[in-house]
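According to the numbering used here, the sequence shown is numbered sequentially starting from 4.
Report on the structure given below.
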Amino acid sequence: MDELKLLNMAEVLDNVDLLFQQPQVEWPGQGPNTIYSSAGPVLIAMNPFKFLPMYDQQWVLAYHGTGKGHNVFADVLGGRKLGPHIYLTAEESYRGLMKGTNQSIVICGESGAGKTFTVRQMLKYLCTVAKSFRADHVGADPEKITMSNELAESFGNAKTTRNHNSSRFGKFTRLFAHQEDGKFAVCGCGSNHYLLERSRIVGAPTGERNYHIFYQLLRSGEAEKYKLTPDPKAYAYTEGGCDETPPGVDDCGDFHELVRKMDRAGFDEGLRKNIFEAVAAVLLLGNVQFTGDRDASQVSPSDDLDKACAMLGIDKNKLCHALTHQQTRDVTIEKEMGLDKAKAQRDSVAKITYSRMFDFVITTIDKTLRGAADGSGKEPINIGILDIFGFEDMAVNGFEQMFINLANERVQHLFNTIMFEREQSMYESEGIESNFLPLPSNIECVQMFTTENRRPRGIVALLTEACQDNRDVEEVDGPHFVSVLNRNLSKLKHFSVIDFKKVNDALTKKGLRKRGAALGVSLDFKECFGIAHYAGDVLYTVQNFIPKSRNAVTKELEAVLRASTKPVMKSFFELGETVQSTVGEIFTKQLEELVGKLGSGDTLFVRCVKTNPLQEPDTVDRKEVLEQLVRGGVVAALEMRQAGLPYHLEYADFREEFGILERGSRSTDDRQCCINILRTLRGPEEEARHQFKFGKTKVFMKAELSVLLYSLVRLKTNYYCAKIQRKLCTMRFGKVTKCWDDLKETTTLIQREGFAPLKTTWDNKDVTLGELLESTTKLIDPVMKALDAARAKYGEKGMMKDIGKAMKPHLPAMSTMLTRTAHLKFVARKFFQRKNSVKGVLHTRVSRALTAASAQLSILAEVHEECDACKEAADPTELRKFLVACATARAKFETLKNKELPALLRYEFDFSKIVIDGPDPFVVFDPCPELDGLLEDGDQLVKEAQELAYDVLSVRRTFEACVSDLCDKFAAKSALLDELRSFGELFISAGLGAYADKISLADKMLITMDRIKIACKDGQAYRQCAKKFFEAVDEASMAVEEGQVELERIERERADREHWIDRLDDLKVELDSKPAQLKASMEKIITFDNNDGNIYQRLDDILGEVLPKIKEYRQVGWTAPLADWMPKVKGVVEQTSAKMEDITTMVRQKEADSKAVFQSRKALFKGK
């Protein structure tokens, strides 16, 4: 896409769309790579939702061949001929190792965009081209590395509504390399993982599955071996996903393939048994039941409980007791837990067991594959491949989605930094004007999550603070934590306070509540907040954020698990964090370390694009694709590259690459050499048009100019080579070799494509390509054999006169074979190109027809929804006619999408109709004229259904006419409600929920009115509801007037609270640092007396008295009555400050006394 002449969103979209619709050739360099395009260092990968023939060994060899010898202009032109591909990106990273810097490839995109497949193929490529042949490099086995990457998918991937193999964790894989026989070879592999989605362990959302391993183990045929019933319906955790097996997935076969991969990756039978026992134990724990009430509970005895404890090697009685009892924080009182808490504890045990087992699997893989990079010495140079979770906006977004999207946000910031900010800073440092469009930035959104020590504190810091609260979870989670977020972050542009209408709009947009359906909103807006991410606005629901963030089970349960009698199981629970950090703190720390690694070397990006939400092949949802390209920064990157000068080289490197193009006397100065070449070649006019610029140490050029320079270098190099060959009398014999190579290539093409029967004209006669190929082969074969014999006899660089004498009998054949071979090659390739043109038209037409069919199905769905909403009021006969017509039209387009249109792509057309020797440009005939008829038939059925729908919806028109007298008043009240909603958000963020509820009530009445209107059944009910709506709006208006006064008071109170909370924070910082300061000061004092101990004691007394108060006052800082809270805080701050000042005075006095003593002692020695 770098070469697009017109750059706008429509052109970018058309470029990827038209390319995607082309047929994919099976041989590299013979046509476009239909799913790949590029924007500078960014590869765009469109997910085709089907396998394409472009990943076998010949493709690997072709792309690796572009880098052999590390000849830069050969690399550029060779890669350009082959086209963008994940193999080309991988090859660029591999070649980048020659610079001595670590390389990284960041693969990003939303869920279902194809990231996991891309990682697999890149690892396969790199492990193939950089294979080590040293026996001591255990971790360098390509099969081991690729298999280990795939086996992790069984434990960490799951089927979701957006992706049949969705990664539910982040993974950073590094291939370590070293120099071996003049090239870099893989000597080991390391893996790190991030934030496994724990909530999926104990259940999956509707229409999704838990992790693959659950279903694979249950359906493996070996379930009984692990005391399981071979049916997912038998277990509470997997029951919901038992019927959600993705098409083409064989869980039984996948399990046995997993066992093979685990064996190959170093997991012996004993380890595998322990891992599968842990999986089985999790399933069995899910079936553990309880009896009791909200105050106390008991574990119900069961075989599943016995089996789970036996699998884990833990004491059943101790587990049951720990599940239903908990010690208070001071460990002096033990209290019983109610039914709901006990069930939550059971799920916590299941989650920590599975997640620690997953940690163990990844850690074992890492240890097994590290090889020469085992940590015993300096870490070798490496290529890192990051497969980060895709951006997610699910039906309900919770804790996991928030951190998944934070990771995407942070990686997007890295992308912006590398693509835009670094580029701009380099221009400025080189003295080049950086007159670009405004650069995209999402740093404020990242900081909203990660800010720690300044106001406003970020979401992670606020969540950590909530985890440290001593109150019950119910008092700090859910709406309580949302109120904290609203209070602290409501003024930030990326944060959104959520009211009733925003929740309802989000549910409607996602299809979770149909327009006109009963009110039944499934989310409480008081539990929700919104974030404006780079990839779109997301509504988050706070449910169990605090327990999920605490990263642990109770100490009693942890002690039970750590006491396992099975060593491997015991080791699972020794992998946890030793420091009591929250999940958010751990994750953000890991994320920053990861980004630091990525940013320290050279980084390339692969932007995977999901072509359509239904995961259908040959279909492009243009709107969705464009949104991904824009939000992912691809369009902005193209705009920057077109406006700027994206290709830059240091002057010495420019001279090394292009010095051969300098005319006349050669300059000794590298910069002057560069100036001479570019100004001579392109002239000052091109420089004035910003086609190139000269910086302080580098030259900057447009991409097309760099390609021209590489082409000229190759042309001039070939010219000199030919000239030298002529002087050495080898040119004629080189032609023989060239003819033979061209003949072999053409023979392969004719035989592969079946072109032999096709006719062409040669020597004014009609001949088939097969006949011309046979005669040409007979002509050249004796010549080539004679040349080989002469070279063998006289040597490759032997006596040219002797070789020439030996070849003299073949001069007549040599004089004609070049022409014959060139003609044969030209005709074969011309037919191949025209054949591909016909196939391209076919694929384009079918692809557009599939898109049109999807659009018509969407229209039918919308019309059906409209009619279904008013079915009770509609005429039954008209409704029945419509439903029949709608079903007929839907069946027609479903058949078109699933059968008739895909069948056209498999149809073998008579390509002999193409005239080989015909004139250019070639006019492509219509390869599927029947397609128009197929679509027209379907379109007519849709039109008939729409006409019948119009009759059905006449009841709505009648209804609207009956209530038309309410329209003006309704419009006025609706406009007033729109104005009031902005105040509602202010009330919510200030904790004035009663005033916001008045506005929500009006919104609920508005939805009820809409439901009655859609049903078109009861005009009287609509009028009554309208009256209530008008009254609700008036009440909301009065509430807003009252609330504004209260809001002003709250803002004043807020300022006071913020001031004294800051004073408490400052005081805590001072107290925390005071012991060390006091110790340092006292160590300098040379006099000692009894008061020294008094100073330390006084400080200890202050710390013991004040720190608990600071913690207490800090926790209730936003909830306690200000009149009671502020005097206490003020008193503590002022009294403590006075006491600390007394200690400071005492220390200063001792310092003065010590100095005086020192001076007096010093004076005693002056007289001696």
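For glycine and all other residues, C-beta sits at the position ideal for the given N, C-alpha and C.
Report task. Could you tell me whether the Cβ atoms of residue 418 and residue 451 are closer together than 8 Å? Result -> Taking the sequence shown and counting its residues from 1, the one referred to as residue 418 is at position 415. Taking the sequence shown and counting its residues from 1, the one referred to as residue 451 is at position 448. One thing to note: residue 418 has its Cβ no nearer than 8 Å to the Cβ of residue 451.
### Task
Take residue 217 as the anchor and find which of 503, 235, 228 and 208 has the nearest alpha-carbon.
Here residue 217 refers to the residue found at position 214 when the sequence shown is read from its first residue. The option with the nearest alpha carbon to residue 217 is 235.
Simplified DSSP assignment, three categories, for residue 701: In the sequence shown, counting from the first residue as 1, residue 701 sits at position 698. Residue 701: strand per DSSP, three-state reduction.
(message) For residue 110 and residue 446, which I take to be in contact (beta-carbon distance under 8 Å), what is that distance rounded to the nearest angstrom?
(response) Stepping through the sequence shown from its first residue, residue 110 is reached at position 107. Stepping through the sequence shown from its first residue, residue 446 is reached at position 443. Not confirmed; about 22 Å, so no contact.
Q | DSSP three-state assignment for residue 637, whether helix, strand or coil | A | What you label residue 637 is simply residue 634 of the sequence shown in a count that begins at 1. Helix at residue 637.
ask   = Relative to the C-alpha of residue 710, which residue among 84, 26 and 63 is closest?
value = Residue 710 sits at position 707 when you count from the first residue of the sequence shown. Comparing Cα-Cα distances from residue 710 to each of 84, 26 and 63, the minimum goes to 84.
Span of the beta strand (DSSP E), counted from its first residue to its last, around residue 328
Within the sequence shown, numbered from 1, the residue matching residue 328 stands at position 325. Note, residue 328: beta strand (DSSP E), 328-330.
Measure from the C-beta of residue 1045 to each C-beta in chain D and report whether the shortest distance is under 8 Å. Absent from the structure: chain D. Only one protein chain is present.
### Task
May I ask which residues mark the beginning and end of the alpha helix (DSSP H) holding residue 199?
Within the sequence shown, the letter at position 196 stands for residue 199. In this chain, residue 199 is not harboured by any alpha helix (DSSP H), its DSSP state being neither H nor E.
(message) Using a 10 Å radius around the Cβ and a threshold of 16 neighbouring Cβ atoms, would you call residue 721 buried or exposed?
(response) Numbered from 1 along the sequence shown, position 718 holds the residue referred to as residue 721. By the 10 Å Cβ count, residue 721 comes out exposed.
>> Using a 10 Å radius around the Cβ and a threshold of 16 neighbouring Cβ atoms, would you call residue 101 buried or exposed?
In response: Your numbering for residue 101 matches position 98 in the sequence shown. Exposed.
### Message
What residue range does the beta strand (DSSP E) around residue 1173 cover?
### Response
Shown here, the chain extends from 4 to 1171; a query on residue 1173 therefore has no answer.
**Item:** Range covered by the alpha helix (DSSP H) that runs through residue 512
**Value:** Along the sequence shown, one-based indexing puts residue 512 at 509. First-last of the alpha helix (DSSP H) with residue 512: 503-512.
Exercise. Taking just the CA atoms, how far does residue 716 sit from residue 814?
Worked result: Start at 1 with the first residue of the sequence shown, and residue 814 comes out as number 811. Start at 1 with the first residue of the sequence shown, and residue 716 comes out as number 713. Their Cα atoms are separated by approximately 33 Å.
Assigned exposure category for residue 1159 - 16 Cβ within 10 Å defines buried | As a working mapping, residue 1159 is identified with position 1156 in the sequence shown. If you draw a 10 Å sphere on the C-beta of residue 1159, you find fewer than 16 other C-beta atoms in it, and that means exposed.
Runs of beta strand (DSSP E) lying entirely within the region 226-302, each at least 3 residues, in chain order: Here the runs fully enclosed are 293-295 and 300-302.
Using the DSSP secondary-structure output, state which residues sit across from residue 337 in a beta bridge. Working through the sequence shown from its first residue, we reach residue 337 at position 334. In DSSP, residue 337 forms a bridge with 330.
**Report entry** Straight-line Cα distance separating residue 780 from residue 820
**Finding:** Start at 1 with the first residue of the sequence shown, and residue 820 comes out as number 817. Start at 1 with the first residue of the sequence shown, and residue 780 comes out as number 777. Between residue 820 and residue 780, the alpha-carbon positions lie close to 9 Å from each other.
Alpha-carbon to alpha-carbon, residue 590 and residue 553:
Your numbering for residue 553 matches position 550 in the sequence shown. Your numbering for residue 590 matches position 587 in the sequence shown. Roughly 12 Å separates the two Cα atoms.
Quick test of your reading: residue 1116 and residue 1067, contact by CB under 8 Å. State the CB separation rounded to the nearest angstrom. Indexing the sequence shown from 1 puts residue 1116 at position 1113. Indexing the sequence shown from 1 puts residue 1067 at position 1064. Rounded to whole angstroms, the Cβ separation of residue 1116 and residue 1067 is 6 Å, and the two are in contact under 8 Å.
- Message: Taking the alpha carbon of residue 486 as the reference point, which residue from 958, 471 and 529 has its own alpha carbon closest?
- Response: Within the sequence shown, residue 486 is the residue found at index 483, counting from 1. Among 958, 471 and 529, the Cα nearest to that of residue 486 is on 529.
So for residue 1128, helix, strand or coil by DSSP?
Reading the sequence shown from its first residue, position 1125 is the one you call residue 1128. DSSP places residue 1128 in helix when its eight states are reduced to three.
Practice problem: Look at the alpha carbon of residue 618 and the alpha carbon of residue 1032, and state the distance between them as a whole number of angstroms. | Solution: Taking the sequence shown and counting its residues from 1, the one referred to as residue 618 is at position 615. Taking the sequence shown and counting its residues from 1, the one referred to as residue 1032 is at position 1029. Approximately 43 Å between the Cα atoms of the pair.
Skipping 5 residues on each side, what residues in its chain have a beta carbon closer than 7 Å to that of residue 1042?
For this step, residue 1042 is matched to residue 1039 along the sequence shown. Contacts found: 998 and 1001.
Checklist entry - Hey, out of 395, 1014, 351 and 661, whose CA is closest to residue 875's CA? => result Along the sequence shown, one-based indexing puts residue 875 at 872. Of 395, 1014, 351 and 661, the smallest CA-CA separation from residue 875 is found for 1014.
| Spatial neighbours of residue 133 in its chain, beta-carbon cut-off 8 Å, leaving aside the 5 residues before and after | Translated into positions along the sequence shown, residue 133 becomes position 130. Within its own chain, the residues whose Cβ lies closer than 8 Å to the Cβ of residue 133, once the five positions on either side in sequence are excluded, are 97, 178, 180, 186, 187, 188 and 189, listed in chain order.
*If you draw a straight line from the C-alpha of residue 57 to the C-alpha of residue 987, how long is it?*
Locating residue 57 in the sequence shown gives position 54, counting from the first residue. Locating residue 987 in the sequence shown gives position 984, counting from the first residue. Their Cα atoms are separated by approximately 56 Å.
Give the C-beta separation of residue 449 and residue 413 to the nearest angstrom, bearing in mind that I take them to be a contact with Cβ-Cβ under 8 Å.
In the sequence shown, residue 449 corresponds to position 446, counting from 1. In the sequence shown, residue 413 corresponds to position 410, counting from 1. The pair is a contact, with the Cβ atoms about 6 Å apart (cut-off 8 Å).
Problem set entry | Proximity winner among 395, 321, 687 and 572, relative to residue 563 (alpha-carbon distances) | In the sequence shown, residue 563 corresponds to position 560, counting from 1. Checked all of 395, 321, 687 and 572; the closest Cα to residue 563 is 321.
Item to complete: Can you have a look at residue 277 and say buried or exposed, based on whether 16 or more other CB atoms are within 10 angstroms of its CB?
Response: Stepping through the sequence shown from its first residue, residue 277 is reached at position 274. Residue 277 comes out buried.
| request: Mind reading off the beta-carbon distance from residue 372 to residue 157? Whole number of angstroms is fine, and I expect it under 8 Å. | output: Walking along the sequence shown from the start, residue 372 turns up at place 369. Walking along the sequence shown from the start, residue 157 turns up at place 154. About 17 Å; that fails the 8 Å criterion.
Report the rounded CA-to-CA distance for residue 421 versus residue 602, giving the unit in angstroms.
-> As a first step, residue 421 must be located in the sequence shown, where it is residue number 418. As a first step, residue 602 must be located in the sequence shown, where it is residue number 599. Those two C-alpha atoms are separated by around 8 Å.
Check your understanding: Does the pairing of the region 662-669 with the region 678-698 give three or more beta-carbon distances under 8 Å?
Key -> Flag = yes, the region 662-669 and the region 678-698 touch.
- Contact between the region 1018-1029 and the region 1056-1075 (3+ Cβ pairs under 8 Å): With the cut-off at 8 Å, the region 1018-1029 and the region 1056-1075 do not touch.
Residue 835 beta carbon less than 8 Å from that of residue 761: Counted from its first residue, the sequence shown places residue 761 at position 758. Counted from its first residue, the sequence shown places residue 835 at position 832. Against a cut-off of 8 Å, the Cβ pair of residue 835 and residue 761 comes out as no contact.
**First through last residue of the beta strand (DSSP E) which encompasses residue 762** = Residue 762 sits at position 759 when you count from the first residue of the sequence shown. Per DSSP, residue 762 is one residue of the beta strand (DSSP E) stretching across 762-765.
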